[in-house]
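Some notes on the structure that comes next.
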Amino acid sequence: MRTTSVRRTRVPATLVTLALVCASAVAVAPGAHAEVLALNDQPLNFAVVAGDSPELPAEVAVSTSSGDTSQAAVSWDLAGTTFSQPYKSYTIYGDVAGVDEAATATVETLADDTVYFIDSAVASSAAFDGAKNLLGDALRNDVPDQPKASDSSWGYAGQDGSRADAGTKGVNGHYGYNGVGNSITYTLDLPDAGEYTLALGLYEWWSASDRQIDVTVIDSLNEQHAVVRSASGDVSPSHRESAVAGTFELSEAAAGEVTVRISNVGWQGASVTWLAAARGAQELDLAVASVEAPVVSPSATVVYGSAQTVSINAADDAVVFYTLDGSAPTRTSGTRYSDPFLLDSSATVRALAFRDGVASAVTTVDYTIAPVDGEYESVPVGQPWFDTEGNSIQAHGGGFLEHDGAYYWVGEDKAHNGASFNGTNLYRSEDLLNWQFVTQILVPEASGLDCNVRGAASCKVERPKLLFNETTDAFVLWGHWETADSYAASEVVVATSPTIDGDYEVKYHGRPGAGDVWDLEQQHAIEATIGEGRYADFAAAEAAYRTAGNDPLGHQSRDFTVYVDSDRDGWLISAEAHEQLRVYPLSADYENADFEKSYPLFSGESREAAAITQVDGTYYLVTSGQSGWYANQLKYATTSDLSDPNGWSENHNLGNNTTFKSQPAYVVSLPRSDGGTSLVYMGDRWVAGALATSTYVWLPLDLDPVQKTLGLEYTDEWSLDVPSGQIEQTPSGLLSQGKPSSSDPVGSLSAGYSTPSENGETLGSPAAAANDGIDDTTSPYDNSHYFFPGSTSTYSWQVDLQSEYDVSRADISWRSHNGSESYSGYVLSGSTDGENWTTIADRTSNRQVGFTSDALEGSYRFVRVDVNRVINDHNGNEAAWAAGIVEVQIYGDAGESPEPTPTATPESTAEPTTTPEPTASATPAAPAAGGSDPTAPPLPATSPDATGSVSVERTAPGVQIDVSATGFRPGERVDVWLYSTPVLLAAVVADSSGAVSTRITIPADAVRGDHHIVLIGAESNVTVSIPVQVVSVRELAVTGSTAATPRFIALLAAIVLVAGVGFSLSSRRRVLR
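Numbers in the working numbering are just positions in the sequence shown, counted from 1, shifted up by 1386.
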């Protein structure tokens, strides 16, 4: 091997060449600082007899650009190296004094009294050079390898071809012909009688399974000596490199020229990478060594809120090198591990172990450390959430209980990063923001749980919920119980404790009605026999089914919730298989479900993950669909009587198509000091491949108690004042909806897209589907409204905001196909002129499915989304067929309406298309509603018997509000205008009762002052005029008023500045109060 220079990471230094000192050196003059160049290139190749230590030089030469050479001390790194295995190649590194380059030397270990050492298929070999340097003429071959010729005493023959591209002993070599009876041969000259040990290396370059060989020595008398017989599984794709050895003996008469025949067993040709012969019968350990990868602790399955002490453990005789920047560690580029070290910021630790020249696989651990300082003042939506000790909150699928002035959060511990049961954790808080870990109230070892022990749990306990029974003065814990390997059990588990933080006693786990009622599968089997005509009715079929040995298994119960209503009656609502929900009254002690009084709900709709609350006598039930760990469309329904199976409304969409990448766990109801009620949706953002890093999505629910409707919009910054029950948010206006958009390629609308769409817009281009204001879906599998770029994983979409705005956030609702959910890598760019672009968010490595939200900075008119990949999250395959964008929402400061930017429409491969205004009746004459514009037409008056309302009376530019009105002719088009100067906002169709309900956006250029929303029937000319006040975003204060619209709470709020007091808000960091 020739001397090489390997870049170190210690200190900067000039380039040097290191060589074995073999001539007198010229000292560098003191104080000289000449540039150092690589001028010497002398090999450092050595060999030793296995078990001995090599004599490596104590100094090497340093050559400079001035032609001077000086000696420099070198310290060779021999840690973890024993040189104990024969015919093994070692690379040794040395630190050279004063420079940052590493000297490298090769050391080959040989068996004692080696007479041939052949490195096959190469003309030059560091391993051979080392052996020759050690043995001199005692080594009978003068070159690494050669073919047998008439004038040579040794060499190979019979090979089909050679591989010499790797330049590494053990990988280069010859391969023989396929077919039975073919061989590679080596002729050796062994003139001395006696015993010999033959060793050779094998390699699998292709994908043959178990390439097997026989090795036979044929002496000069033509007698055969079997050395190796059918070395079963010598090499294969799973263990490509191996070595074999055997002995033979030559008599005086048989000494001389011998032939080593390497024969294939079976069809696959033989292979050989090196061959050695040594005198004497020697036991050689030629096993290919392996080293276990080091273990890095902690395992980093969770996000940490404080600095972590990291330790790395490996075999006692191994040395470990690691890096912290994600680069691959080596003996020359990594840091040698000696003691545990402290990580106080996020890092990727990569470590590998070395032992006796062999490197292990690399262990990689990604640490996310988000130090927290002080207390939370806002909800960390979708971000890591830490308890008061700085540990990641592990309370997934949780439930909440207010008791004795405090809030308790109970949930699944997923710190082990698995689905099996790891414990049920309890946290305590007084403000729903800062949580103190209390204890683990249920553990795998609990008696009656039938769950084995922690780390080897044989069960799952999911979505725990906690109740307090005032009559029994006991706490009742419910959970969903399954075996660890499936969801076939479908049981509930119930445990109780006299104290909230006690050790809960398991009462039972099982199905409601077990032994009394058939589960759905059994019921379907019974009904099938009736359909086949085998039995006249269900009673006869049931009797026959029972006679056949079947017992009623009870109602299947999976994802669930339990709830205590205002009358202190308890209820269980759980998913029954994949078909429906089932509602059960609870017993007086809340410990049992009354299956006889239960009823199915939403049959055939496959709902699960129920969460329920009650406001003013109306129950609001939210549920998700069923799609494993992946999020889907949230829905809600209402009833005034939980005992009435016929009293439920139909399901209505809530939130976007993936519930902002979350699944419901609970709904918290908080009474407000003004007499109203604030509701908070509490969901889990599951990370399927790393459950411990799953986060929580808590968002304000907008409640209209009159219309009995719920709304849910995304916001990344909101806070809750528990004493007053008020919700406060950071104000931000929606800038992108309905603005001109374009795409490349042009693409198409999703199949079945309705035009005009639900909110009255007529789409002018497929790209407009991605900012049409529709982010939910009516399809249970694919999405109903989205822009489809075609079957491509690379495409772009952009929007013209029509004026420059300070942008703050981009939310993207991605197409999500249930069962084949995909994620997209993308880059967000901004531009002021449509030609020069600035990257404002790089999410090329995004792995989040369904919904993404990015914080933005800067002032831009145009925003572009460049998608660079679409990947199926289930299998990692490209999924161009699943590409698509449901909605892009760009938020920013729309408070002071800017002048339209006089910029030409940018050139692009797809011409941007402005969404045309819907066809409407002639603009009516009406006066300014705030009165300052004398040229404005008069305001039309509300017609008799017509009524209307808006969800908020005080709004801001860019904000969405809900408008409803009655009194129109059924089926007629109703135009919705904004006055002072009339601006057409939407066109909708009245329903069969003559009512309309729609959501409109206040134009970004709307001036501050008093305005009216005016609705006019195109046929009847019925008019409804509703006053609204437009203020700047900065003036608008959201305090959880029940007048807030479904999108309003999620988009806007006021943060009131106390004079002279600075403040800081962050959804990722705590802020000191």
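C-beta atoms are modelled at their ideal positions from N, C-alpha and C, and glycine is treated no differently. Nothing here was measured: the structure is a model prediction, and the numbers come from that model.
**Prompt:** Which residues in the same chain have their Cβ closer than 7 Å to the Cβ of Ile1779, if we skip the five residues on either side of it in sequence?
**Reply:** Here the question's residue 1779 lines up with position 393 in the sequence shown. Excluding sequence neighbours, Ile1779 sits near Trp1771, Phe1772, Asp1773, Tyr1813 and Trp1821.
**Request:** Run the CB neighbour count on Gly1547, radius 10 Å, all protein chains shown included, and call it buried at 16 or more, exposed below.
**Result:** Along the sequence shown, one-based indexing puts residue 1547 at 161. Gly1547 should be labelled exposed.
**Request:** Decide if the stretch 1696-1716 is in contact with the stretch 1642-1657; the criterion is three or more beta carbon pairs, one per stretch, under 8 Å apart.
**Result:** no
**Asked** So is Pro1726 buried or exposed if we call it buried at 16+ other beta carbons inside 10 Å?
**Response** Counted from its first residue, the sequence shown places residue 1726 at position 340. The residue is exposed, with fewer than 16 neighbouring Cβ atoms inside 10 Å.
**Message:** So, with DSSP's three-state summary, where would you put Ile1912?
**Reply:** In the sequence shown, residue 1912 corresponds to position 526, counting from 1. DSSP places Ile1912 in helix when its eight states are reduced to three.
**Alpha-carbon spacing of Val2132 relative to Gly2403, whole angstroms** = Counting from 1 along the sequence shown, the entry for residue 2132 is found at position 746. Counting from 1 along the sequence shown, the entry for residue 2403 is found at position 1017. Approximately 36 Å between the Cα atoms of the pair.
**Request:** Would you mind working out which of Ala2137, Gln2115, Ala2155 and Val2092 sits nearest Gln2515, comparing C-alpha positions?
**Result:** Because the chain here runs from 1387 to 2459, residue 2515 falls outside it and cannot be looked at.
**For Tyr2067, the residue or residues it bridges with in DSSP** = To locate residue 2067, count along the sequence shown from 1; it is residue 681. Partner(s): Val2053 and Leu2085.
**Message:** What residue range does the alpha helix (DSSP H) around Asn1855 cover?
**Reply:** The count along the sequence shown starts at 1 and reaches residue 1855 at position 469. From DSSP, Asn1855 is part of no alpha helix (DSSP H) but of the beta strand (DSSP E) over Cys1845 to Asn1855.
**Request:** Please go through the same chain and pick out, in chain order, the residues whose beta-carbon is closer than 6 Å to the beta-carbon of Val1346, but skip the five residues on each side of it.
**Result:** Residue 1346 cannot be examined here, being either before or after the span of the chain that is shown, 1387 to 2459.
**Between the CA atoms of Thr1718 and Pro1680 - distance to the nearest angstrom** = Here residue 1680 refers to the residue found at position 294 when the sequence shown is read from its first residue. Here residue 1718 refers to the residue found at position 332 when the sequence shown is read from its first residue. One C-alpha to the other measures close to 18 Å.
**Item:** Inter-residue Cα distance where the pair is Thr2025 and Trp2034
**Value:** The sequence position of residue 2025 within the sequence shown is 639, counting from 1. The sequence position of residue 2034 within the sequence shown is 648, counting from 1. One C-alpha to the other measures close to 5 Å.
**Prompt:** Can you pull the DSSP bridge partners for Gly2211?
**Reply:** Here residue 2211 refers to the residue found at position 825 of the sequence shown. Partner(s): Arg2255.
**Asked** What residues in its chain sit with their C-beta under 6 Å from that of Thr1571, if we drop five residues either side in the sequence?
**Response** The sequence position of residue 1571 within the sequence shown is 185, counting from 1. Closer than 6 Å at the Cβ level, and outside the excluded window around Thr1571, lie Ala1543, Gly1544, Thr1645 and Arg1647.
**Asked** By the 10 Å Cβ neighbour count, where 16 or more other Cβ atoms means buried, how is His1789 classified, buried or exposed?
**Response** Along the sequence shown, read from residue 1 onward, the residue named residue 1789 stands at position 403. His1789 is exposed by the Cβ-count criterion.
**Message:** Three or more C-beta pairs under 8 Å: does that hold for the stretch 2192-2208 against the stretch 2230-2245?
**Reply:** yes
**Request:** Tell me, to the nearest whole angstrom, how far the beta carbon of Val1969 is from that of Tyr1985; I am working on the premise that it is less than 8 Å.
**Result:** One-based indexing of the sequence shown puts residue 1969 at position 583. One-based indexing of the sequence shown puts residue 1985 at position 599. So it is a contact: roughly 6 Å between Cβ atoms.
**Request:** Could you spell out the range, first to last residue, of the alpha helix (DSSP H) harbouring Glu1928?
**Result:** On the sequence shown, residue 1928 is found 542 positions in, with the first residue counted as 1. Run containing Glu1928: Phe1924 to Thr1933, per the alpha helix (DSSP H) assignment.
**Message:** When you compare the CB positions of Gly2111 and Ser2064, do they come within less than 8 Å of one another, or not?
**Reply:** Here residue 2111 refers to the residue found at position 725 of the sequence shown. Here residue 2064 refers to the residue found at position 678 of the sequence shown. Cβ atoms of Gly2111 and Ser2064: closer than 8 Å.
**Prompt:** The beta strand (DSSP E) with Gly1785 in it runs from where to where?
**Reply:** Translated into positions along the sequence shown, residue 1785 becomes position 399. Gly1785 -> beta strand (DSSP E) spans His1782 to His1789.
**Prompt:** CB-CB under 8 Å to Phe1981, same chain, minus the five flanking residues each way: which ones, in chain order?
**Reply:** Position 595 of the sequence shown, counted from the start, is the residue given in the question as residue 1981. Same-chain partners within the cutoff: Pro1898, Gly1899, Asp1902, Val1903, Gly1940, His1941 and Tyr1970.
**Prompt:** Cα separation between His1802 and Asn1808?
**Reply:** Against the sequence shown, residue 1802 aligns to sequence position 416. Against the sequence shown, residue 1808 aligns to sequence position 422. Spanning the two alpha carbons is a distance of roughly 7 Å.
**Asked** Could you check where the beta strand (DSSP E) with Ala1543 kicks off and where it finishes?
**Response** Position 157 of the sequence shown, counted from the first residue, corresponds to residue 1543. Residues Gly1541 to Ala1543.
**Request:** Starting from Leu1710, follow the beta strand (DSSP E) in both directions and report where the run begins and ends.
**Result:** For the purposes of this step, residue 1710 is identified with residue 324 of the sequence shown, where counting begins at 1. Segment: none, Leu1710 is in no beta strand (DSSP E) and carries neither H nor E.
**Message:** Spatial neighbours of Tyr2167 within its chain, please: C-beta separation below 8 Å, excluding the five flanking residues on both sides.
**Reply:** Residue 2167 sits at position 781 when you count from the first residue of the sequence shown. Cβ neighbours of Tyr2167 beyond the five flanking positions: His2203, Asn2204 and Gly2205.
**Asked** Would you call the CB atoms of Glu1604 and Gln1598 closer than 8 Å?
**Response** As a position in the sequence shown, residue 1604 is number 218, starting the count at 1. As a position in the sequence shown, residue 1598 is number 212, starting the count at 1. Contrary to the premise, residue 1604 reads as Ile rather than Glu in this sequence. The answer is no: Cβ separation not under 8 Å.
**Item:** Delimiting residues of the beta strand (DSSP E) encompassing Pro1431
**Value:** Residue numbering aside, residue 1431 sits at position 45 when the sequence shown is read from its first letter. Note that residue 1431 corresponds to Asn in the displayed sequence, not to Pro. It spans Asn1431 to Val1435 - the beta strand (DSSP E) in which Asn1431 sits, taken as one unbroken run.
**Request:** Pick out whichever of Ala1507, Asp1702, Ser1536 and Asp1799 has its Cα sitting closest to the Cα of Ser1657.
**Result:** Within the sequence shown, residue 1657 is the residue found at index 271, counting from 1. Considering only alpha carbons, the answer is Ala1507.
**Prompt:** Since Ala2332 and Gly2353 are thought to touch, with beta carbons under 8 Å apart, how far apart are those beta carbons, to the nearest angstrom?
**Reply:** Position 946 of the sequence shown, counting from 1, holds the residue named residue 2332. Position 967 of the sequence shown, counting from 1, holds the residue named residue 2353. Confirmed, Cβ separation roughly 3 Å.
**Request:** Just grab the DSSP bridge partners of Pro1533 for me.
**Result:** Numbered from its first residue, the sequence shown carries residue 1533 at position 147. In the DSSP output, where bridge partners are listed per residue, Pro1533 has Tyr1542.
**Request:** Would you mind stating whether Ala1667 and Thr1583 have Cβ atoms separated by less than 8 Å?
**Result:** As a working note, residue 1667 is residue 281 in the sequence shown. As a working note, residue 1583 is residue 197 in the sequence shown. In contact: Ala1667 and Thr1583 (Cβ atoms closer than 8 Å).
**Request:** Could you tell me which of Val1705, Glu2264 and Thr1709 sits nearest to Thr1721, measuring between CA atoms?
**Result:** Counting from 1 along the sequence shown, the entry for residue 1721 is found at position 335. With distances taken between Cα atoms, Thr1721 lies closest to Thr1709.
**Prompt:** Quick one: Cα of Pro1830 to Cα of Gly1841, how far?
**Reply:** Taking the first residue of the sequence shown as 1, we reach residue 1830 at position 444. Taking the first residue of the sequence shown as 1, we reach residue 1841 at position 455. Whole-angstrom Cα-Cα distance: 9 Å.
**Request:** Following the continuous alpha helix (DSSP H) through Leu1521, name the residue where it begins and the one where it ends.
**Result:** By 1-based counting over the sequence shown, the position of residue 1521 is 135. Start and end: Ala1512 to Leu1521.
**Message:** If I measure Cβ to Cβ from Asp2161 and keep anything under 6 Å in the same chain, skipping five residues before and after, which residues do I get?
**Reply:** The residue you call residue 2161 lines up with position 775 of the sequence shown. Around Asp2161: Asn2042, Ser2199, Val2272 and Glu2273.
**Prompt:** Below 8 Å between beta carbons: does that hold for Asn1434 and Ala1489?
**Reply:** Here residue 1434 corresponds to residue number 48 of the sequence shown, with the count starting at 1. Here residue 1489 corresponds to residue number 103 of the sequence shown, with the count starting at 1. Position check: residue 1434 holds Val in this sequence, whereas Asn was assumed. No. Outside cutoff.
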